[in-house]
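Residue 723 in my numbering sits at position 289 of the sequence shown, with consecutive numbering throughout.
Built from N, CA and C at the ideal position, the CB exists for glycine as well.
Nothing here was measured: the structure is a model prediction, and the numbers come from that model.
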Amino acid sequence: MGKFEDSVYDLIVETSTNLPGDVRRAVAAGRALEDKATRSGLALATITQNIGMAELQVSPICQDTGMPTFVIHTPVGVNQLEMKRDIQSAIVRATRDGKLRPNSVDSLTGANSGDNLGEGTPVIHFEQWEEEHIDIRLILKGGGCENKNIQYSLPAELEGLGKAGRDLDGIRKCILHAVYQAQGQGCSAGFIGVGVGGDRTSGYELAKKQLLRKVDDTNPIPELRQLEDYIMENANKLGIGTMGFGGEVTLLGCKVGAMNRLPASFFVSVAYNCWAFRRQGVLIDAGTGEIREWLYERGFGISAGAGAAETSLDMKTGGAGESGVPGVHPAAGESADTASGAREIRLTTPISEEDIRRLRVGDVVILSGELHTGRDALHKHLIDHESPVDLNGAVIYHCGPVMLKDEEGWHVTAAGPTTSIREEPYQGDIIKKFGIRAVIGKGGMGARTLQALQDHGGVYLNAIGGAAQYYAECIKKVDGVDFLEFGIPEAMWHLTIDGFAAIVTMDSHGNSLHADVEKDSAGKLALLRETVFK
Numbered sequence: 435m436g437k438f439e440d441s442v443y444d445l446i447v448e449t450s451t452n453l454p455g456d457v458r459r460a461v462a463a464g465r466a467l468e469d470k471a472t473r474s475g476l477a478l479a480t481i482t483q484n485i486g487m488a489e490l491q492v493s494p495i496c497q498d499t500g501m502p503t504f505v506i507h508t509p510v511g512v513n514q515l516e517m518k519r520d521i522q523s524a525i526v527r528a529t530r531d532g533k534l535r536p537n538s539v540d541s542l543t544g545a546n547s548g549d550n551l552g553e554g555t556p557v558i559h560f561e562q563w564e565e566e567h568i569d570i571r572l573i574l575k576g577g578g579c580e581n582k583n584i585q586y587s588l589p590a591e592l593e594g595l596g597k598a599g600r601d602l603d604g605i606r607k608c609i610l611h612a613v614y615q616a617q618g619q620g621c622s623a624g625f626i627g628v629g630v631g632g633d634r635t636s637g638y639e640l641a642k643k644q645l646l647r648k649v650d651d652t653n654p655i656p657e658l659r660q661l662e663d664y665i666m667e668n669a670n671k672l673g674i675g676t677m678g679f680g681g682e683v684t685l686l687g688c689k690v691g692a693m694n695r696l697p698a699s700f701f702v703s704v705a706y707n708c709w710a711f712r713r714q715g716v717l718i719d720a721g722t723g724e725i726r727e728w729l730y731e732r733g734f735g736i737s738a739g740a741g742a743a744e745t746s747l748d749m750k751t752g753g754a755g756e757s758g759v760p761g762v763h764p765a766a767g768e769s770a771d772t773a774s775g776a777r778e779i780r781l782t783t784p785i786s787e788e789d790i791r792r793l794r795v796g797d798v799v800i801l802s803g804e805l806h807t808g809r810d811a812l813h814k815h816l817i818d819h820e821s822p823v824d825l826n827g828a829v830i831y832h833c834g835p836v837m838l839k840d841e842e843g844w845h846v847t848a849a850g851p852t853t854s855i856r857e858e859p860y861q862g863d864i865i866k867k868f869g870i871r872a873v874i875g876k877g878g879m880g881a882r883t884l885q886a887l888q889d890h891g892g893v894y895l896n897a898i899g900g901a902a903q904y905y906a907e908c909i910k911k912v913d914g915v916d917f918l919e920f921g922i923p924e925a926m927w928h929l930t931i932d933g934f935a936a937i938v939t940m941d942s943h944g945n946s947l948h949a950d951v952e953k954d955s956a957g958k959l960a961l962l963r964e965t966v967f968k
C-alpha cells in the first residue's frame, strides 16, 4: 500500500482543520436559537468565524489537537504492523507541519516526546472484517473535554437529582448530571457519547464510539432513540449555554449505545466532546492505500451560520469603529457601549490596579501589549521560583499554542485558551506573589482565585474555547520563550498582541459569572427532578 501513509496524513490534516458538514449544521442550528446580542450569542459567532478561518488557512481549529485515536477495520490478510508504522510516520509528519500540537507526555518524567509518539500514543484500535477495503475513523478529542468525561456506577446518589436506580430513569439522570457537571469547562455547547453497560473499560470505549456516529443519524433501537431525544430536550433547559455563559444551547448532540453487563455492575459512561467535534473517516483501497471515499461530509462551503464576522466577540460590526460603535475609537482605558449592550474597554499591558477595579463582570476587554502563556508546569514552577520576566501588571494566558519555527524564528499557528480550573491550586498565590492583573482562560476558576482577584486587584477574562485561529490572528509577534524544556504547550511564551478580546467573568469585586450560572443551572436541574422524575 504505497499511498497509505499519504492517505493517513491527509485524514489527519482534514480532521484537525475542517469540521464535517453535520457538525457545522449542528453549530448553525444552535446559533439560530441563541440571541446574537448575548454573551453566548457572541461566543457562537466567534466560534463560527474560527471554523471558517481554520478551513481557509488549513490550520488547527483548536490548539489542543488532542489524543489521536484511530478505529480501523481491515480485510483479513492486511499487514497491521506495516499500517501502524505508516500511521506513526504520518503523525510525526503532521506534527512537524503544525497540523497537530506535540501532546505526548511521559507520565513519569513529564517530558514531551515532541512528535506525538510514545507509549500509548497514538491510540490505534484494529478490527478485522469481511469487506475488501479499509475503514479508518479518526477522532481528535482535546484534554479540556476529555477531563469532563464521567462514569457512574448505579445505583448512585446524584447532586440535584437524587437517587439514580438501575433503570431508564436512572440512566437519564446520569446523562443530565454529566452535562450539568461539565458546565463551560468542556467548551460547551458540546456533544456527548454515552455507553450503557459493559465494564469500566468497555463502557468508556462504547461511549467514545458513539461519537463516531453522524450527528443527524437515527438510533435503530427505539428505547435509545427516545432517550437521545429526551436528553437533547432537557439538557438545553439547564441554561448553561455556550462556554458556560448562560443561554439556550448547552448540548448540540447526544448518541447512546448499550451493551450487556455483569449482574453486579451497572455502569453509565459519558464521553463529553467540545463544540470543536473533530472526527473524520475514509475508505482506503487495500491494494494501493489510496483514499476511495470520505465517510463524513467534508465542510467546504458549508456555513456554520451567516454573518459571523459581523457579530463575533471583536464587535467589529459593519461601518463601526474599533469599539463596534460607529465613529467611536476609544483609547486605552476608555470604554464604549457595544451594539450588544456590553461595555467594551481597551487596555494595554502592563495594566494598573485602578483600571482593573473599573471592570465588571460582562465587560468585553480588548487587550494590546504583551502577554505570557502559562499552563500546569509553569504554575507549579512559579510557586517555588521567580519568574524570568517581570509580571507586575501583567496578563497570564492559560494557553498551549501550536508553534512552528523557521529561519525567521517562532510563529504561532493556533492559540486558543485551555481550561483554567486546573490551575486553581496555584493561581491565587501566583497573583499575590507577582502582581498579575489579569488571567485569561476558559471555563472560569474557583473561590480561592476569586478571593485573590478581590484582595489584590485582578480579573479573570474568559476567552472563547477552541477559537484557536481567531486568537492566533491577534498575536503579532513572538517576543521570546522560557522553559522550552517543559515542551511547546507548557513553555512560557512571551507574545505581543493587538485587539485580543475576552469577557470579564470574574472581577475584583467578588462577582463570578461562573458561580452564578452554576447556581442557576443547579436550580433548573432540581426543577427537572421535581417535574420530570417525580
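Between Pro923 and Arg809, the beta carbon gap of about 7 angstroms places them in contact (Cβ cut-off 8 angstroms).
A direct Cα-to-Cα measurement between Glu448 and Ala886 gives close to 43 angstroms. Between the alpha carbons of Gly681 and Ile937 lies a gap of roughly 15 angstroms.
Taking Pro556 as the centre and dropping the five residues before and after it, the same chain places the C-beta of Pro502, Ile525 closer than 6 angstroms to its C-beta, in chain order.
Between Phe868 and Ser821, the beta carbon gap of about 6 angstroms places them in contact (Cβ cut-off 8 angstroms).
Between the alpha carbons of Val510 and Asn546 lies a distance of about 36 angstroms. In this structure, Tyr730 lies away from Asp440, with their beta-carbon atoms at least 8 angstroms apart. In this structure, the beta-carbon distance from Asp916 to Ala902 does not fall below 8 angstroms. Collapsing the DSSP output to three states places Lys518 in a helix. Less than 8 angstroms separates the beta-carbon of Phe560 from that of Ile506. Excluding five sequence positions before and after Gly892, the CB atoms of its chain that fall closer than 8 angstroms to its own CB belong to Ile790, Ile865, Ile870, Arg871, Ala872, Val873, Ala886, Ser942, given in chain order. Ranked by Cα distance from Ser622, the options Ala462, Ile674, Asp540 are led by Ile674. DSSP links Phe868 through a beta bridge to no other residue. In this structure, the alpha-carbon of Ser474 lies about 44 angstroms from that of Gly723.
DSSP places Pro509 inside the beta strand (DSSP E), whose first and last residues are 501 to 509.
DSSP lists Leu592 as the bridge partner or partners of Gly596. When secondary structure is reduced to three states using DSSP, Lys958 falls in the helix class. The beta-carbon separation of Arg712 and Leu453, rounded to 7 angstroms, stays under the 8 angstroms limit for a contact.
Counting the other Cβ atoms within 10 Å of the Cβ of Asp797 gives 16 or more, which makes it buried. Judged by DSSP in its simplified three-state form, Thr939 adopts strand.
By DSSP's assignment, Val690 forms a beta bridge with Val628. Look at the segment 769 to 813 and you find these whole runs of beta strand (DSSP E), each 3 residues long or longer: 769 to 771, 777 to 782, 798 to 807.
Take Ser802, set aside five residues on each side of it, and the residues of its chain with a beta-carbon closer than 8 angstroms to its own are Ala766, Arg780, Leu781, Thr782, Thr783, Ile931, Asp932, Gly933, Phe934, in chain order. Between Arg459 and Ile481, the alpha-carbon positions lie close to 13 angstroms from each other. Contact check for Gly877 against Gln497 fails: the beta carbons are separated by 8 angstroms or more. The alpha-carbon of Leu610 is positioned some 43 angstroms away from that of Val912. Relative to Glu778, the option among Ser786, Ile785, Leu793 whose CA is nearest is Leu793.
Bounds of any alpha helix (DSSP H) do not take in Glu841, whose DSSP letter is neither H nor E. For Tyr586, the enclosing beta strand (DSSP E) covers residues 584 to 587. Look at Glu727 here: in three-state DSSP terms it is strand. Secondary structure at His948: helix, using DSSP grouped into helix, strand and coil. Counting along the chain, no alpha helix (DSSP H) covers Arg647, and no H or E run does either. The segment 559 to 575 and the segment 699 to 713 touch, with no fewer than 3 CB-CB distances between them shorter than 8 angstroms. Assignment of His819 by DSSP, reduced to helix, strand and coil, places it in the coil class. Rounded to whole angstroms, the separation of the alpha carbons of Arg535 and Thr529 is 6 angstroms. For Gln615, the enclosing alpha helix (DSSP H) starts and ends at 602 to 616.
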